[in-house]
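Participant: Once you've had a glance at the structure underneath, I'll fire off some questions.
There are 2 protein chains.
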Amino acid sequence: MPELRHDPIQRRWVIIASERGRRPDDFPRNESLPTGGICPFCEGNESKTPPEIAAVRNGSGANQPGWEVRVIPNKFPALRIEGSLDRRGLGAYDRMNGVGAHEVIIETPDHNLQLADAPIEHIHKVLRIYRERLVDLLRDQRFKYVLIFKNHGAAAGASLSHPHTQLIATPVTPLTLVEELNAAKDHYLEKERCLFCDLIEQELESGSRIVIAGEQVVALAPFASRFPFELFIAPRHHHHSFADASDEMLYHLAVLLKEVLLRVKKCLKDPPYNFLVHTVPNVKARHRHGAEWGTIELDYHWHIEFIPRLTQVAGFEWGTGFYINPVAPEDAAKYLRQTEL
Amino acid sequence: MPELRHDPIQRRWVIIASERGRRPDDFPRNESLPTGGICPFCEGNESKTPPEIAAVRNGSGANQPGWEVRVIPNKFPALRIEGSLDRRGLGAYDRMNGVGAHEVIIETPDHNLQLADAPIEHIHKVLRIYRERLVDLLRDQRFKYVLIFKNHGAAAGASLSHPHTQLIATPVTPLTLVEELNAAKDHYLEKERCLFCDLIEQELESGSRIVIAGEQVVALAPFASRFPFELFIAPRHHHHSFADASDEMLYHLAVLLKEVLLRVKKCLKDPPYNFLVHTVPNVKARHRHGAEWGTIELDYHWHIEFIPRLTQVAGFEWGTGFYINPVAPEDAAKYLRQTEL
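As you go down the protein sequences, you meet chains A and B in turn. Be aware that the first sequence starts at 805, since it is given in this note's numbering, and climbs by one per residue. Be aware that the second sequence starts at 805, since it is given in this note's numbering, and climbs by one per residue.
Structure representation (structure tokens):
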């Protein structure tokens, strides 16, 4: 019998239809990225990108070779850094200028070094650059949220194969975040506990959906996973802001993230994937967009959503916000735990 | 400058980033459906499907050749028709049995006759079958919503190329519908007018996003379109329930839908697409799931969302519910209007 499960964070029902018994190798793929040509993200091609915003370098000059991680503006930005928002009504509609930031974090000078295969120390540097950019952009009060996300593979939306992450700072708090923030606030106001902490504790007790229970960070398949092999990665103990994560916490995250990426790569044969960081919005920005920030340090809990792109999203999902997942999260967790590294 | 636009129906912001100036033929595609083998939806293969639920026939017996439209249960249903919901909590979680209906409407006995190319009279029959199944399923008070949707092409989630539509009856009102119903109710309570009627009237006055202004039905590119060439099709005058649509209304819809499908097919080179019907939930079912039905006949307005699948949805969209659309809706409408049929 298929089962309907309610996601207490995004307040959405999901259909878990695992009767067809799909296994990790039942998801065919055939899309690939273009190869050949000059890669603008490779070391030595620094002049092919806009001037860098930040980098991890050992003494070399900006926009020269000799870097480990490099941050540049997106050459084709979805949002522009200059200008004012100019909010206006248009009859029944509302609009504003597309002001924001759109950056690319080039994770490595090596075109072929996937994040999964990078040394833990290097992943740690990438994560610290995520944090550095977040802290910097949150100083700009025009920006209400900063989303850090990675598209790996053509089917996941990547247009270049050189390993990179992106970041978009938006002048409004996105809908999905508002939903999560409201769910977390309501739970806290009722129980004076963090919703995420409660769920993580229940998951650790049950164990059936846990993939990796690290000392400081955990990875698990959510109870109401929308997608096969979807994962949720979060600090084990309460922590609301990725921008405030310590170097030590990010090191623990690097260790766990590498293991997650390796298990997924081996179990699912290097699938396309997305991951994205959910953290508190810019609490210094005045506009609240439906959420109250009063208890946010107590009620929200930063986390990473990890989504392998194994299935096509079809009409039903677009039409309803209601997902059909053919793999039970308990099975996904088991497959990933049992993968030999 | 990119622009942020607010969707007053789904209460979501969308980034319109049309600066890259993508034209209708800038969207490459390479996915295809398997060909060869026996198609279970073709005339003569009726025994390869579960027994039919309904059909348009001229005197021939059930599950025999001699039909024009045929409705069958999905052989691999996401939800099952038998059983009780058995709602239960699991610690902090909630679950229920996957009770519902999942049907396939085979639009034609002819494997190669796309809906776009079918005669208007035939499309009218398909639409009347949609309505018939909706009316029938809404008698079952376990079902809160019935979604009618079509996946055309592999990239849109279709697994068989024989023209068909699907229908899923769900025991909860899906999140996207709840959002729309709440927006419509709030607008009505404030203004005593239908939100959709207001928007349609504003669009008809402006004209820039109108694709087809039929006498009874209109097709337009929404102000805050999430996707390139996304369309909204709705009755021009207030009407809340697809289940109550008259034969005459459905005939007008058939005429308009055929023209939309032909324009899209020619302008965008037969792209994969989804369309789906949004109508009132089952007002006879008691559970309200966040929406009040008191004014629903006055505040809601049925419509069809039409989404060509031209771009990949990437990490940013999944992480935020916030879409980046590279084609301004005004341009999409213009391209479609200018397509010569």
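Heads up, the beta-carbon is just placed ideally off N, CA and C, and yes, glycines get one too. Predicted model, so just to flag it, every value in this text is computed and none were measured.
1) Spell out whether any CB of chain A is found under 8 Å from the CB atom of Arg1146/B.
2) Among the residues of its own chain, which have a CB less than 6 Å from the CB of Asn901/B, if the five just before and after it don't count?
3) Mind pulling the chain A residues with CB within less than 7 Å of Glu807/B?
4) My parser needs the alpha helix (DSSP H) runs of 4 or more residues fully inside the stretch 1019 to 1090 of chain B; what are they?
5) Cβ of Gln945/B less than 8 Å from any chain A Cβ?
6) I believe Pro1068/A touches Leu1140/A by the beta-carbon criterion, under 8 Å. Please report the beta-carbon distance rounded to the nearest angstrom.
7) Find the nearest neighbour of Lys1062/A within the set Asn916/A, Tyr934/A, Phe1033/A, Ala1023/A, judged by alpha-carbon distance.
8) Using CA atoms only, rank isn't needed, just tell me which of Val1131/A, Asn867/A, Lys954/A, Lys929/A is closest to His906/A.
9) Restricting to Cα atoms, I'd like to know which of Gln1142/A, Ala1137/A, Glu1121/A is closest to Ala962/B.
10) Closest Cβ-Cβ distance between Asp990/A and chain B: below 8 Å?
11) Under a three-way DSSP split, which group does Gln970/B fall into?
12) Can you list, in chain order, the residues of its chain with a C-beta nearer than 7 Å to that of His1093/A? Leave out the 5 residues immediately preceding and following it.
13) For Gly1125/A and chain B, any beta-carbon pair shorter than 8 Å?
14) Report the option in Ala1049/A, Pro877/A, Asp940/A whose CA atom is closest to the CA atom of Trp1106/A.
15) Quick one, which of Glu850/A, Asn849/A, Arg899/A, Asn862/A has its alpha-carbon nearest Arg816/B's?
16) Given that Asp1002/A touches chain C, what residues does it touch there, using C-beta distances under 8 Å?
17) What number of angstroms, rounded off, separates the C-alpha of Ala1095/A from the C-alpha of Arg809/B?
18) Out of Pro1085/B, Ser1010/B, Val860/B, which one is the CA nearest neighbour of His1044/B?
19) Could you pull the start and end residues of the beta strand (DSSP E) that Lys948/A belongs to?
20) Out of curiosity, what's the CA-to-CA distance linking Ile952/B and Gln970/B?
21) Considering only residues of the same chain and omitting the five flanking positions on each side of Tyr1127/A, which have a CB-CB separation below 6 Å?
22) From the DSSP output, in three-state form, read off Lys879/A for me.
23) Counting along the chain, where does the alpha helix (DSSP H) carrying Tyr992/A start and finish?
24) Roughly how many angstroms lie between the CA atoms of Val1021/B and Phe1046/B, to the nearest whole one?
25) So which residues of chain A does Ala821/B contact, with C-beta pairs closer than 7 Å?
26) Using only the alpha-carbon positions, how far apart do Arg892/A and Gly1018/B sit?
27) State yes or no: is the beta carbon of Phe953/B nearer than 8 Å to at least one beta carbon in chain A?
28) Please confirm whether Leu1080/B and Glu1109/B have their CB atoms less than 8 Å apart.
29) Give a yes or no on whether the minimum CB-CB distance between Phe1110/B and chain A is below 8 Å.
30) Closest Cβ-Cβ distance between Thr748/A and chain B: below 8 Å?
31) Kindly indicate which three-state DSSP category Asp898/A falls into: helix, strand or coil?
32) Under DSSP, the alpha helix (DSSP H) around Glu1007/B begins and ends at which residues?
33) Near Cys1001/B, which residues of its chain fall below 7 Å by C-beta distance, leaving aside the five closest residues on each side in sequence?
34) Could you list which residues in chain A have their beta carbon closer than 7 Å to that of Arg816/B, in chain order?
35) Is the stretch 933 to 944 of chain B touching the stretch 850 to 867 of chain B, taking contact as three or more C-beta pairs under 8 Å?
36) Please state whether the Cβ-Cβ distance between Glu1005/B and Arg1013/B is less than 8 Å.
Facilitator: For this structure:
1) The requested residue 1146/B does not occur in the structure, where chain B is confined to residues 805 to 1145.
2) The sequence position of residue 901/B within the second sequence is 97, counting from 1. Excluding residues within five positions, the ones whose Cβ falls inside 6 Å are Gly887, Leu889, Asp890.
3) In the second sequence, residue 807/B corresponds to position 3, counting from 1. The contacting residues are Arg899, Asn901, Gly902.
4) 1051 to 1071
5) Here residue 945/B corresponds to residue number 141 of the second sequence, with the count starting at 1. It does not; no Cβ of chain A falls within 8 Å.
6) Translated into positions along the first sequence, residue 1068/A becomes position 264. Translated into positions along the first sequence, residue 1140/A becomes position 336. Going by the sequence as given, residue 1068/A is Val instead of Pro. Correct: roughly 7 Å between the Cβ atoms.
7) Counting from 1 along the first sequence, the entry for residue 1062/A is found at position 258. The shortest C-alpha separation from Lys1062/A is found at Ala1023/A.
8) Here residue 906/A refers to the residue found at position 102 when the first sequence is read from its first residue. Minimum Cα distance to His906/A is reached at Lys954/A.
9) Here residue 962/B refers to the residue found at position 158 of the second sequence. Checked all of Gln1142/A, Ala1137/A, Glu1121/A; the closest Cα to Ala962/B is Glu1121/A.
10) Residue mapping note: residue 990/A aligns to position 186 of the first sequence, counting from 1. Asp990/A does not count as touching chain B.
11) Counting from 1 along the second sequence, the entry for residue 970/B is found at position 166. Gln970/B: strand per DSSP, three-state reduction.
12) To locate residue 1093/A, count along the first sequence from 1; it is residue 289. Note that His1093/A scores 48 on pLDDT, short of 50, meaning its location in the model is unreliable and no value can be drawn from it.
13) Reading the first sequence from its first residue, position 321 is the one you call residue 1125/A. Yes, Gly1125/A lies at the interface with chain B (some Cβ there is under 8 Å from its Cβ).
14) Counted from its first residue, the first sequence places residue 1106/A at position 302. Nearest of Ala1049/A, Pro877/A, Asp940/A to Trp1106/A, Cα basis: Ala1049/A.
15) Along the second sequence, read from residue 1 onward, the residue named residue 816/B stands at position 12. Taking only the C-alpha atoms, the option nearest Arg816/B is Arg899/A.
16) Here the protein chains are A and B, and chain C is not one of them.
17) Locating residue 1095/A in the first sequence gives position 291, where the first residue counts as 1. Locating residue 809/B in the second sequence gives position 5, where the first residue counts as 1. Bear in mind that a pLDDT of 49 at Ala1095/A, under 50, signals an unreliable position, so the number given afterwards is only what the model happens to contain. C-alpha of Ala1095/A to C-alpha of Arg809/B: approximately 20 Å in a straight line.
18) Walking along the second sequence from the start, residue 1044/B turns up at place 240. Per the Cα distances, Pro1085/B.
19) Looking up residue 948/A in the first sequence gives position 144. Element bounds for Lys948/A: n/a, residue is neither H nor E.
20) Position 148 of the second sequence, counted from the start, is the residue given in the question as residue 952/B. Position 166 of the second sequence, counted from the start, is the residue given in the question as residue 970/B. Distance between the alpha carbons of Ile952/B and Gln970/B: 6 Å.
21) As a first step, residue 1127/A is located in the first sequence; it is residue number 323 there, counting from the start. Excluding the 5 residues flanking it on each side, Tyr1127/A has same chain C-beta neighbours closer than 6 Å at Val818, Arg1030, Glu1121, in chain order.
22) Residue numbering aside, residue 879/A sits at position 75 when the first sequence is read from its first letter. Coil at Lys879/A, not helix or strand.
23) Taking the first residue of the first sequence as 1, we reach residue 992/A at position 188. First-last of the alpha helix (DSSP H) with Tyr992/A: 979 to 995.
24) Counted from its first residue, the second sequence places residue 1021/B at position 217. Counted from its first residue, the second sequence places residue 1046/B at position 242. When only Cα atoms are considered, Val1021/B and Phe1046/B end up about 13 Å apart.
25) By 1-based counting over the second sequence, the position of residue 821/B is 17. Going along chain A in sequence order, the residues near Ala821/B (Cβ under 7 Å) are Ala882, Gly902.
26) Here residue 892/A refers to the residue found at position 88 when the first sequence is read from its first residue. Here residue 1018/B refers to the residue found at position 214 when the second sequence is read from its first residue. Distance between the alpha carbons of Arg892/A and Gly1018/B is about 31 Å.
27) Start at 1 with the first residue of the second sequence, and residue 953/B comes out as number 149. Chain A contact via Cβ: present.
28) The residue labelled residue 1080/B in the question sits at position 276 within the second sequence. The residue labelled residue 1109/B in the question sits at position 305 within the second sequence. Yes. Within cutoff.
29) Along the second sequence, read from residue 1 onward, the residue named residue 1110/B stands at position 306. Taking Cβ atoms only, chain A never reaches closer than 8 Å to Phe1110/B, which makes this a no.
30) No answer is possible for residue 748/A: the residues shown for chain A start at 805 and end at 1145.
31) For the purposes of this step, residue 898/A is identified with residue 94 of the first sequence, where counting begins at 1. Asp898/A falls in the strand class under three-state DSSP.
32) The residue you call residue 1007/B lines up with position 203 of the second sequence. Looking at the DSSP string, the run of the alpha helix (DSSP H) that includes Glu1007/B is 999 to 1010.
33) What you label residue 1001/B is simply residue 197 of the second sequence in a count that begins at 1. So the qualifying residues of the chain are His1042, His1105.
34) In the second sequence, counting from the first residue as 1, residue 816/B sits at position 12. Going along chain A in sequence order, the residues near Arg816/B (Cβ under 7 Å) are Leu979.
35) Yes, the stretch 933 to 944 of chain B touches the stretch 850 to 867 of chain B.
36) Sequence index remark: in the second sequence, residue 1005/B carries index 201 (1-based). Sequence index remark: in the second sequence, residue 1013/B carries index 209 (1-based). Not in contact: Glu1005/B and Arg1013/B (Cβ atoms no closer than 8 Å).
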